[in-house]
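The structure appears below as structure tokens.
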Amino acid sequence: MPLSRRHLITAAAPLGLGGLLATTGCFSSTASESGTLVFATALTPAAGLSPLSEDAFLLARWAVAETLLGLDDNGLPVAKLALDWTQTEDTAWDLTLREGVRFHDGTALDAAAAAAALNAAAGASSVPRVIDGVGLAAEATGDRTLRVTTAAPDPVLPQRLSSPYLAILAPGAYTGATVDPVGFASGPFTITESTSTGVTLERNADHWGEPAAMAGYRADYVPDAATRVAALRSGEAHVIEAVPYAQIANLDASQLQDAPTGRTVSLYLNTATGPLADPALRAAVAAAIDTAPIVDDIYEGRADAPEGLFGPALAWAADHREHTLPEAGTPAGEALRVATYSNRAELPEALTVIAAQLEAAGFAVETEVREYNDIEPDMLAGAFDAFLMSRSVVQDSGDAYTYLDSDFTSDGGFNASRLADPAVDAAVAAIATAATVPIHDSAGSVEGGMDPDAAAAARQNAVLDAEAVVLATVAVVPIAHERLVTGVAGGAANVTSDPREREIITAATTME
């Protein structure tokens, strides 16, 4: 097969990046030679590793911090630091904590510590988005029991409690001006040294679960993608996250592992103002777009063709509902201002392809690309006729309801399409009243006569019904379902490719 333009570019790129490694990432040759795993992470701390920021995902991917609950493959809550959860009132959930859990500073987990951690998140100057507007509050009702309340009934509160933003830390983490997790978390690994270039981690010998297989490892901050790839090739790093699609050609297939993610690239169409307020012209946009060149070339075949809003990472979503689009109109040179952001290298390239397809269909297209933080206010204000965006469809809670509610309802806080459709509002509202999380006791059984499979199916069916109603408005055109590509060198094993992008290094990870 002939090389694509992307392959030609990357194949010609120089691979001798020793000087670049010295300036954009700090690798320990001693660690590499001694057999200690080195993990090159794409993120750098933005808030001193506080879990109340995006740094929460670093702590999760390092297996340092833990939450009260986790999620199974279907996005339903499972026990973690809490063993059971029961909805005792419309706005209240009671949880029982696991016994024998100790934080890295030696203090024991109790309900008072768990409640304090949750209240610190709810009362932060910048409330983590997973609970923003929820009105969350927690109180200890016993040594190992706590009650979590919300301002209004919240059917996905247990899923929210699985978010890395709501990691439970020892009281000592909250004594300073910022939340400091170093030495105060509870996971299989503890941070023993933290510098501006990375962290050193050691096995937590007192972890409540299975002890970590490795005695320790290093995590280095390497935001430059080409540097991460070069480090994997040279052996200076053994695991690298977020391999960019443009760099895939520079790695051997044996060094790549990927998995579908709960992230969909979509073109959001402005339904309120401009030419695309006309449903017929939105349908013309949808008809003009051919996603194959984007999936096959720009994403190097490591993305999945669109199947709706929800891709293969959500296995239960495969049964998409039929929906009918409005009859497509005939473009007559209508001017479209189409935009995206530069933070994800694939999006500007994909926008170029889409713009050419729209022009071929009869639209006049002007494109704009800026850094995300700069362009987001204009996007939400309706400054563009179409906006290309990579969006998590399960968001921080692991539940699709929050995505549909924020992105497509009349009052949604992230309604980039500016959609105001009563049918969509009703369909999304129906998810909130669908059967939700089964009530579990500490033995893992289900109480109250609620069958967990039936409860999950009812909620999933409501989500798929709402998806069909949203797609019928042509407020959004799915482009591709992204896959998570991780680089893993020989010798490293049991590195997780998590569809929710929460886990990479776990207690099971090993290094020969």
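Numbering-wise, the sequence shown is residues -22 to -1, 1 to 490 according to mature numbering (1 follows the signal peptide of the UniProt record, and there is no 0). Where a beta carbon is used, it is the ideal one built from N, C-alpha and C, also for glycine.
If residue i sits next to residue j, beta carbons under 8 Å apart, how far is it from one beta carbon to the other, in whole angstroms?
| i | j | result |
| --- | --- | --- |
| R122 | A89 | 6 Å |
| V343 | S320 | That belief does not hold up - the Cβ atoms of V343 and S320 are roughly 18 Å apart, past 8 Å. |
| A453 | S395 | 4 Å |
| P23 | T239 | Not really, about 23 Å apart at Cβ, beyond 8 Å. |
| Y223 | I276 | 7 Å |
| S388 | A378 | Rounded, the Cβ-Cβ distance is 18 Å, inconsistent with contact. |
| A310 | G340 | 6 Å |
| T269 | V316 | With a Cβ gap of about 15 Å, T269 and V316 do not count as contacting. |
| A60 | L46 | 4 Å |
| R211 | I483 | Actually they are not in contact, since the Cβ atoms of R211 and I483 sit about 20 Å apart, beyond 8 Å. |
| T175 | D158 | The Cβ separation is near 18 Å, so there is no contact. |
Measuring alpha carbon to alpha carbon, tell me which residue in the options is nearest residue i.
| i | options | result |
| --- | --- | --- |
| L336 | A364, A266 and F288 | A266 |
| S31 | T19, V105 and A93 | V105 |
| G252 | L449, N472 and F362 | F362 |
| R196 | P456, I226, A41 and V402 | A41 |
| T127 | A95, A86 and T66 | T66 |
| T119 | L135, E490, A91 and A408 | A91 |
| T330 | V108, L135, L245 and T205 | L245 |
| V207 | E188, A18, D184 and D236 | A18 |
| S475 | D385, A291 and T14 | A291 |
| A407 | I353, W186, V448 and A432 | V448 |
| T178 | T14, E77 and L46 | T14 |
| A405 | G311, S28 and E445 | E445 |
| E324 | W294, V273, A470 and A283 | V273 |
| D356 | Q235, T318, T205 and D83 | T318 |
| V134 | A155, Y152 and V56 | V56 |
| G161 | G113, H82, P142 and S140 | H82 |
| K58 | A328, L96 and W186 | W186 |
| V112 | T380, T45 and L442 | T380 |
| A432 | D403, W294, D385 and A359 | W294 |
| S368 | L61, G289 and D51 | G289 |
| G286 | H301, R280 and D184 | H301 |
| A283 | G154, P304, E180 and V455 | V455 |
| T308 | P271, L61 and A261 | A261 |
| L303 | A264, A450 and D50 | A450 |
| G391 | Y152, D110 and D202 | D110 |
| H298 | L442, D62 and T156 | L442 |
| Y143 | F386, A470 and L37 | L37 |
| L296 | N52, R39 and V16 | Before going further, note that residue 296 is Ala rather than Leu in the sequence given. Ranking N52, R39 and V16 by Cα distance to A296 puts N52 first. |
| T153 | A94, E305 and A364 | A94 |
| W63 | P136, A129, R80 and A116 | P136 |
| T85 | D352, L247, D184 and N393 | D184 |
| A237 | E44, G279, D33 and R107 | G279 |
| V247 | A99, N472 and A359 | The sequence shown places Leu at residue 247, not Val. When each option's Cα is compared against that of L247, the closest is A359. |
| L21 | G213, A116, A209 and D202 | D202 |
| N228 | R480, V79, V243 and A209 | A209 |
| F386 | A250, R107 and L96 | A250 |
| R80 | A43, A116, V108 and D352 | A43 |
| E305 | L366, A264 and F365 | A264 |
| A334 | N393, D383 and P271 | P271 |
| P326 | E490, L366, G213 and A401 | L366 |
| L87 | A115, R125 and R76 | R76 |
| L27 | R241, V473, R322 and A151 | A151 |
| T488 | E479, R480 and N472 | N472 |
With which residues is residue i paired in a DSSP beta bridge?
| i | result |
| --- | --- |
| L73 | W63 and L124 |
| T345 | V316 |
| G465 | I218 and L234 |
| T168 | E180 |
| P456 | S244 |
| P55 | L49 |
| A18 | D198 and I218 |
| T488 | A471 |
| S368 | V243 |
Exercise for review: Tell me, please, whether the region 466 to 483 touches the region 215 to 223 by the rule of three or more beta-carbon pairs shorter than 8 Å.
Suggested key: yes
**Study point:** Inter-stretch contact at 8 Å, needing at least 3 Cβ pairs: the region 63 to 77 / the region 154 to 165
**Key:** no
Review point. Does the region 146 to 154 touch the region 169 to 180, meaning 3 or more C-beta pairs lie closer than 8 Å?
Key: no
**Study point:** At least 3 beta-carbon pairs within less than 8 Å: the region 372 to 383 vs the region 248 to 259
**Key:** Output reads no: the region 248 to 259 does not touch the region 372 to 383.
Review point. Which whole runs of the alpha helix (DSSP H) in the region 188 to 250 are 4 residues long or more, in chain order?
Key: 203 to 212
Review point. Are the region 396 to 414 and the region 432 to 439 in contact at 8 Å, needing three or more beta carbon pairs?
Key: yes
Check your understanding: Counting only runs that start and end within the region 270 to 296, where is the alpha helix (DSSP H) found for 4 or more residues in a row?
Key -> Those alpha helix (DSSP H) runs which fall completely within the region 270 to 296 and span 4+ residues do not exist here.
Check your understanding: Does the region 453 to 462 come within contact of the region 186 to 193, defined as at least 3 CB pairs closer than 8 Å?
Key -> no
Exercise for review: Enumerate, from N- to C-terminal direction, the unbroken beta strand (DSSP E) stretches of 3 or more residues contained entirely within the region 81 to 154.
Suggested key: The qualifying runs are 115 to 118 and 123 to 127.
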